[in-house]
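Q:
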Amino acid sequence: MSRIDDVPAGGGVWDHLHDAAAERRRRGLHRELRPRAADARIIDLASNDYLSLARDPRVSEAAVAAVRRWGAGATASRLVTGALELHAELEDALATATGAQAGLLFSSGYLANLGAVTALADPDTLILSDEQNHASLIDACRLSSATVQVYGHRDAVEVAALLAARPQRRALVVTDAVFSVDGDVAPLSELHAACRTHGAALLVDEAHSLGVLGPGGAGAVAEAGLAGAPDIVLTLTLSKALAAQGGAVLGPTAVVDHLINTARPLLFDTGLAPASTAAALAALRVLHEHPELPLRTRAAAAELRELGLRTGRPVTRPDAAVVSVIADSADAAVAAQRACAELGVAVGCFRPPSVPDGRARLRLTSHSALTADQLARAGQALMAALPC
C-alpha cells in the first residue's frame, strides 16, 4: 500500500494559493492563528466577553454539570435525538428576556443568520441589506433564493424608497443592531417604520447588543421600544455577552415553526452541545440578577474612547461596547497590535477585507470587569503603540 508521500505532487494544483498568500504578505494582510495559553495574564481589550462571564464560576460550573448530566454532545440533529429539554429551557429564557414569542437554537450565530435569512426569503422576496452588515448576513443573503439589494449604511430613507418601488410581494430588511467594526447602532425605529409602512419584515442581528444595550441588557430592539413586535425577527449569538457558543433566532411562533421545518442549518446539523447551552443559560441568569453589568461595560467603552483620542487618531463613538482607533495603514495597525501585546494588552486588529482599504484600525472592546488600573495601563500601551 503506497503512502501519501509517494503520490506525485499534482502539477502545481495549489500554486494559485501560494501566490495569493504571497500577495497578502506583500500588502500586510496575511493572517495567522495565535493560540493563547489558558493562564495568559493580559488586559483583554480584544475579546467579545462583554460581561466578563467566560471565566465566571457560575457559568463554567453550569457547563460542567450539563456535561455530567447530558453528555458531551447532543448526539444528533434536533429533529432526531438532538433536541434536549435544556435547549427548550434556554430558548424560553431568551424569548422571555427579549420579549419574543419563541426561540430556536442553532450551533452558532453564523448559522442562525444563515438559517433565518435563507428560510424566510423565497424567490418572490426582496432582501435589503445594510452595506456594513456582518459577513454571516452577507453570506446568508447571497445563499438565499431572493433578490438582494444593498443599501447605504444606516440609510432608512433609502430603505423606504426601495421597499416602495419593489415588484416582489414580500420584503425582508436585514441589519446588524450594533455594527461590529465601528460599533455604531442601526436606526431601528426608522427601519421598522419603513417596514411597517411598506409591508416588510425586519431581521435584526443582536450579536453585539444583547447584554450591552436595552433594559437589563435585552438588546437594541428592546431599547428602541420594539420588543415583541410581530414583524421583527431577532438573531443573536451566545458567544459574546453570554460567554458560551451557539446562536438563536427569536420571534413570532409562526417564524420559529417555519424554521424548524425548513432551515437547513438546523435540519442537517447536530444540536447545540449541552455545555454551551447550560453556560449561556447560566450567563443569562447572572445578567438578570446583575442588571448593572451592561452599564459597567458601556462606561468602560466611554473610557476607552477617551484613551484612544489621546493618541491623536480618529476614534469611533462607542454606542455599545466597540471602539475603533484608526491607524495610518494595515502595517501600522499590525505593528501597534504587536506593541500592545508586548505591553500586556490584547487589542483587535482589523485590516482589509474586514474593513475598506485605508481604514485599518485597532478595535477595542470593553468588558464589565475592567478596572481603573487596567484602563490606565491600556492607555499607556496605546500611547506607546500609536505615538503622536
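In terms of the working numbering, the sequence shown is residues -11 to 376. Beta carbons are placed, not taken as given, at the ideal position from N, Cα and C, and that holds for glycine. The structure presented is a predicted model; accordingly, all values stated were derived computationally and were not measured.
Going along the chain, which residues of its own chain have a beta-carbon closer than 8 angstroms to the beta-carbon of A315, five neighbours each way excluded?
A: The residue given as residue 315 occupies position 327 in the sequence shown. R301, A321, A324, A348, R349, L350 and L374.
Q: Thinking just about the alpha-carbon of each residue, which of G205, L131 and T265 is nearest to the one in A53?
A: Taking the first residue of the sequence shown as 1, we reach residue 53 at position 65. Ranking the options by Cα distance to A53, first place goes to T265.
Q: Just how far apart, CA to CA, sit L363 and T86?
A: As a first step, residue 363 must be located in the sequence shown, where it is residue number 375. As a first step, residue 86 must be located in the sequence shown, where it is residue number 98. The straight-line gap from Cα to Cα measures roughly 31 angstroms.
Q: Assuming L238 and A88 are in contact, meaning their beta carbons sit under 8 angstroms apart, how far apart are those beta carbons, in whole angstroms?
A: In the sequence shown, the residue the question calls residue 238 occupies position 250. In the sequence shown, the residue the question calls residue 88 occupies position 100. That pair is a contact at about 4 angstroms.
Q: Classify V1 as helix, strand or coil using the three-state DSSP reduction.
A: The residue given as residue 1 occupies position 13 in the sequence shown. In this structure, V1 counts as coil in the three-state DSSP scheme.
Q: Taking A181 as the reference, which of L92, S317, V161 and V47 has the closest Cα?
A: Mapped onto the sequence shown, residue 181 falls at position 193. When each option's Cα is compared against that of A181, the closest is V161.
Q: Let me know the secondary structure DSSP gives I248 once reduced to three states.
A: What you label residue 248 is simply residue 260 of the sequence shown in a count that begins at 1. Residue state, collapsed to three classes: helix.
Q: Between V1, A318, T163 and G346, which lies nearest to C452 when the distance is taken from Cα to Cα?
A: This structure gives no information on residue 452, because the portion of the chain shown stretches from -11 to 376.
Q: Nearest to L190 by alpha carbon, out of P175, L201, L198 and P203?
A: On the sequence shown, position 202 is the one that residue 190 refers to. The candidate whose alpha carbon is nearest that of L190 is P175.
Q: Do you know how far the Cα of V274 is from the Cα of G332?
A: The residue you call residue 332 lines up with position 344 of the sequence shown. The residue you call residue 274 lines up with position 286 of the sequence shown. Whole-angstrom Cα-Cα distance: 29 angstroms.
Q: How would you call N249, buried or exposed, if buried means at least 16 neighbouring beta carbons within 10 angstroms?
A: Translated into positions along the sequence shown, residue 249 becomes position 261. It counts as exposed.
Q: Report the residue from V209, L230, S227 and A267 whose alpha carbon sits nearest the alpha carbon of V221.
A: Position 233 of the sequence shown, counted from the start, is the residue given in the question as residue 221. Per the Cα distances, V209.
Q: Relative to the C-alpha of C328, which residue among A26, L352 and G97 is closest?
A: Residue numbering aside, residue 328 sits at position 340 when the sequence shown is read from its first letter. That would be L352, whose Cα lies nearest to the Cα of C328.
Q: Can you tell me whether DSSP reads L114 as helix, strand or coil?
A: Reading the sequence shown from its first residue, position 126 is the one you call residue 114. If DSSP states are grouped into helix, strand and coil, L114 belongs with the strands.
Q: If you draw a straight line from the alpha carbon of A104 to that of Q368, how long is it in whole angstroms?
A: For the purposes of this step, residue 104 is taken as the residue at position 116 of the sequence shown. For the purposes of this step, residue 368 is taken as the residue at position 380 of the sequence shown. A104 and Q368: Cα-Cα distance of roughly 44 angstroms.
Q: Mind listing, in chain order, the continuous beta strand (DSSP E) runs of no fewer than 3 residues lying wholly within the region 195 to 278?
A: Entirely contained in the region 195 to 278, the beta strand (DSSP E) runs reaching 3 residues are, in chain order, 220 to 225 and 235 to 239.
Q: Give the secondary structure of V173 by DSSP, where H, G and I count as helix, E and B as strand, and everything else as coil.
A: Counted from its first residue, the sequence shown places residue 173 at position 185. V173 falls in the strand class under three-state DSSP.
Q: Does the beta-carbon of T241 have 16 or more other beta-carbons within 10 angstroms, so that it is buried, or is it exposed?
A: Your numbering for residue 241 matches position 253 in the sequence shown. When all chains shown are included, T241 counts as exposed.
Q: Pull the bridge partners of V303 from the DSSP assignment, please.
A: As a position in the sequence shown, residue 303 is number 315, starting the count at 1. In DSSP, V303 forms a bridge with V313.
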